[in-house]
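Working notes, beginning with the structure itself.
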Amino acid sequence: MKLFLTTIITCLVINITPTKQSNYSNQEVPIIAKPNCLPHCGNVSIPFPFGIGSDRFFNKWFEIVCENTTSGSHRPFLKQITGVEVLNISIDDSVLQTENPIHFFDCPDKESPRPNKPGPLSLTRSPFS
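Take the sequence shown: its letters are residues -21 to -1, 1 to 108, numbered as in mature numbering (1 follows the signal peptide of the UniProt record, and there is no 0).
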């Protein structure tokens, strides 16, 4: 039988720790990027401690890469965790929402070559949980 691969895109929510308590209550929290930094990538706001570009973020785990798509739009990705697209960053709620593919393999024929199966998303040694 042929190798059957199904990819399902799911949303993964990663908790982040805010750098300080917010004084805002029931108000919209302003997006504050580091001075001279891009505050957005596509439709996603990029507040500090996250940042785009050299020395624009708290540490390497908070670096965002803003990639161009073939349609001309931009999509943010975490640089240190390959293939993880950022959908939303909420410093006030301490949440980083991402999109991550999950791959399912159906290999009933043990003789057929099996591609390297992608492992689960690992947050080991990262500041995320």
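Beta carbons are placed, not taken as given, at the ideal position from N, Cα and C, and that holds for glycine.
Residue environment, residue i, which counts as buried when at least 16 other CB atoms sit within 10 Å
{"i": "Ser24", "result": "buried"}
{"i": "Ile70", "result": "buried"}
From the options, residue whose alpha carbon lies closest to that of residue i
{"i": "Leu57", "options": "Ser33, Thr77, Asn47", "result": "Thr77"}
{"i": "Ile68", "options": "Asn15, Gly30, Pro14, Cys16", "result": "Gly30"}
Strand pairing of residue i, partner residues [DSSP]
{"i": "Asn67", "result": "Gln76"}
{"i": "Leu57", "result": "Ile43"}
{"i": "Cys20", "result": "Val23"}
{"i": "Ile11", "result": "Answer is none; Ile11 lacks a bridge partner."}
Separation of residue j from residue i, as counted between CA atoms
{"i": "Ser52", "j": "Pro18", "result": "16 Å"}
{"i": "Asn15", "j": "Arg35", "result": "9 Å"}
{"i": "Thr61", "j": "Glu42", "result": "12 Å"}
{"i": "Pro106", "j": "Thr49", "result": "32 Å"}
{"i": "Val44", "j": "Asp72", "result": "22 Å"}
{"i": "Arg104", "j": "Glu64", "result": "19 Å"}
{"i": "residue 161", "j": "Leu102", "result": "Since the displayed the chain opens at -21 and closes at 108, residue 161 lies outside it and no answer follows."}
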